[in-house]
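Here's the structure, in structure tokens; my notes come after.
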Amino acid sequence: MFHLKNLLCPSCLTLEIFFSVTNSPYLEHLLVEIVRNTSVAAEIITDPQLFREVSRKRWSFAVLLLDRIPRYKEFMRYDSGIRTVAIVRDELFEELLDALIYLDVYQVLYLVYDAEPPIRYYDRFQRRLFRFDNVDIDLFRESDKNMMGVKFGVLDDDPVDTFLFENIAAVRNATLIGQTRIEREVHVQLYHDIYYILNDDLDIVPYLLYMHRFYSYKLMVPQSEQKLLLSVLSDPFDRFVWISNFCSVFGLAMFVKFVRDHKIRWTRVCDLFVKLLGVGLMGSLIQLRNGSERFTVGLYMLTSIVLVSAYQSLVISFLLSPRYYPELDTLQQVNSTCRWTESDDNYLLRDAGFLHYGECNDDFPDDVELAEQIQSYYEQKCCMELSENIYEWYFRAFATHFRLSKLVTRQIPVFAGLNSISPLHDTVSWFATVFYEANLYYFVEKDGYQDPAVAKRHKLEVSPVTVQDLSLVWVLYSLGVAIETGAAAAKLSVASSSIVEDDETAKDYGENLTALRLQCDHGDDILATRVAFKAISTFPDALLSVKRVSRNGHDLRKRKHFWDLRQASSLIRLGLTAGINRNRMNIWLEASNA
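Below, the structure written as structure tokens:
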């Protein structure tokens, strides 16, 4: 008898005792014992009307100590949800049972202290009275597990909530009905905006249950122009990152060059700058001379690994998904671009300080068709905030010019307001928790309406890369091949002009060697010496020409203007032998000066 709290409501905070007795020492003694042994705050009430007001508290439980039925027979509300133990005499039991059933009060456990068995419970679903000698289970929850086909209505059209209550009806053997006009059949009403709860019906607050999920509001924004494919090269980093990167590499090049040469030559700094870029981007090697250079360049290589990896990942991500400009997927982009109509639906946006509020004109003549109105909204860059259960309805008409933004403007907790006499309080609370923790809502959310633009984006993300996806790669590859071909052609043109000059140099050298041979044959030492000196002066250029031609892959044996180097050396040596002696040295010098 003294463990009533654990029997009725372990989580309740207060005990309401309605004491109505004329002359019963047993009930008076029992009242003292209950108050002495209870672990929660107890309130004794003798006024039937006062007890009627507190009988709907779901956070409390009650004890009725009665040896008579009060004259004010409606001492409990018809919608009372408070769990109650009624302690009465046997002769009063039938009258009290009829009175409470008439008031639709069923959360009552009867203790008849002068009869056997003492414990009695009326099951409203089976419409039967059960008698027990003792109770070791929660009779209220046990009776709720089989509702015998009882109808309960849910005022809501959200498919997620409908999925939840369909499962509750199947498990509890009940019948789920939709929008009903019979007030007594409405057991649950879902609230997706707490504003309506706090402003319309404060009496429902004690019977609210948190459903462990949120109701989202998103924006329908104009479809932006798709970004050019080339923009993926610069978009991974903003301009500040690009500027800081290039400035850091250029500063590193100046530092290394100054440490190496103790002076700065801009041409060499620029050359080292290009080499350092190659080190950071491709890991190419560069010759380092001392420990200071190795430390600074090594640190630069270490940091460049992070930048290059991030850049590559972002480029791949951008290639695999369509991107729009402006994207209108962040609060800043939406606030700077979107225009809003001046209406009661957008009062929260106005209070939040959104720009361009009231700049979207929605005043159209009656003869303007819907397609023209949508086109006007699109041209004005009007945006609309939509709740998640009307996406599909709007997109049937707006999908051509509008899309859903990724931005979630509001997430409002979903509450269920239950009828006070509904047997679903504990059931809905338990099922809502389980569905949230087990992520069972996923099976209905994945079958719900999806924005076509979002569905297309998801499809692209999971599909393999095609040739069209890599069109940028092919364009850049072709451009690189074209540049390389042009550079090779320019290099070949320069080499051809160099060969012509080499031919002229070799021809002059050959003519000088021929004249040297003739002078040596006639024994004219002075002329031979002069020609020999002239041949010697042209020999380095001819030798350089021979090397150039050899490097370019030409066959020297097929070129008639080039002599064998060994023969040329012997002719020069012959001319010098004829002219070099002590008596003719001055003549040779004069000849060379002439």
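If you're matching positions, the sequence shown starts at 529 in the working numbering and goes up one per residue.
Even for Gly, the Cβ is constructed at its ideal location relative to N, Cα and C.
Every value quoted in this text rests on a predicted model; they were computed, and no experiment measured them.
CB-CB under 6 Å to K987, same chain, minus the five flanking residues each way: which ones, in chain order? Note that K987 scores 49 on pLDDT, short of 50, meaning its location in the model is unreliable; the coordinates nonetheless yield the value given after this. Result list for K987: empty, nothing under 6 Å.
Helix, strand or coil, according to DSSP, for H953 in the structure here? helix
DSSP state of M829 mapped onto helix, strand, coil: helix
Would you check if the distance between the CB atom of F579 and the CB atom of F546 is smaller than 9 Å? yes
Per DSSP, T612 is paired with what? A590 and V636
Rounded to whole angstroms, what is the Cα-Cα separation between V993 and S845? Because the pLDDT of V993 is 48, which lies under 50, any placement of that residue in the model is unreliable, and the number read from its coordinates should be weighed accordingly. Rounded to the nearest angstrom, the two C-alpha atoms are 11 Å apart.
Within 10 angstroms of the Cβ of C798, are there 16 or more other Cβ atoms? Answer buried if so, exposed if not. exposed
Are H720 and Y738 closer than 9 Å when you measure CB to CB? no
Quick check on G681: does DSSP put it in helix, strand or coil? strand
Alpha-carbon spacing of F923 relative to Y906, whole angstroms: 14 Å
Which residues DSSP lists as bridging C910, in chain order: R867
Taking only the alpha-carbon atoms, compute the straight-line gap between G662 and I647 and give it to the nearest angstrom. In the sequence under discussion, the amino acid at residue 662 is Asn, which differs from the Gly named in the question. Computed Cα separation, rounded: 7 Å.
Assuming T937 and E913 are in contact, meaning their beta carbons sit under 8 Å apart, how far apart are those beta carbons, in whole angstroms? 6 Å
In terms of alpha-carbon separation, which member of L692, G945, F778 and H953 lies closest to N967? L692
Cα-Cα separation between E897 and R605, rounded to whole angstroms: 55 Å
Pairing CB atoms from the stretch 872–886 with CB atoms from the stretch 827–835, are three or more of them under 8 Å? no
From the DSSP secondary-structure annotation, give me the bridge partner or partners of S548. L594
Output needed for I902: all residues of its chain with C-beta closer than 7 Å, excluding positions within five of it in sequence on either side, in chain order. A925, F926 and H929
Suppose contacts are defined by Cβ-Cβ distances below 9 Å. Is V862 in contact with E821 by that definition? no
Where does R617 sit, in a helix, a strand or coil, going by DSSP? coil
Whole beta strand (DSSP E) elements within the stretch 716–755, 3-residue minimum: 736–750
First and last residue of the uninterrupted alpha helix (DSSP H) at P576: P576 to V582
Beta-ladder partner(s) of Y941, from DSSP: It is Pro, not Tyr, that sits at residue 941 in the sequence shown. DSSP lists F742 as partners of P941.
Three-way DSSP call (helix, strand, coil) for G961 in this model: Per the sequence presented here, residue 961 reads as Thr, with Gly not at that position. Helix, per DSSP.
To the nearest angstrom, report how far apart D607 and S552 are at their CA atoms. 30 Å
Proximal residues to L1093 (C-beta, below 6 Å), its chain only, five neighbours per side dropped: Note that L1093 scores a pLDDT of 46, beneath 50, so its modelled location is shaky and nothing firm can be said.
Go ahead and pull the three-state DSSP assignment for K673. coil
Among D894, E694, L624 and L883, which residue has its Cα nearest to the Cα of T959? The question names Thr, yet the displayed sequence has Phe at residue 959. Per the Cα distances, E694.
What is the residue span of the alpha helix (DSSP H) that D651 lies within? Not the alpha helix (DSSP H): D651 falls in the beta strand (DSSP E), residues I647 to D651.
Do D689 and V942 have their beta-carbon atoms positioned less than 9 Å apart in this structure? yes
Range covered by the alpha helix (DSSP H) that runs through A697: P687 to V699
Thinking S1123 and Y735 are a contact (beta carbons under 8 Å), I'd like their distance in whole angstroms, please. One cannot answer for residue 1123 here, as it falls past the ends of the chain, which runs 529 to 1122.
Any idea what DSSP makes of A570, helix, strand or coil? strand
By Cβ distance below 7 Å, which residues in the same chain neighbour P750 in space, the five residues on each side in sequence not counted? Y906, K909, H929 and F930
Say yes only if the C-beta of Q903 is nearer than 8 Å to one or more non-hydrogen atoms of the ligand MN, and no if none qualify. This structure simply doesn't include the ligand MN, nor any ligand for that matter.
Which two residues bound the contiguous beta strand (DSSP E) that contains L704? T703 to I705
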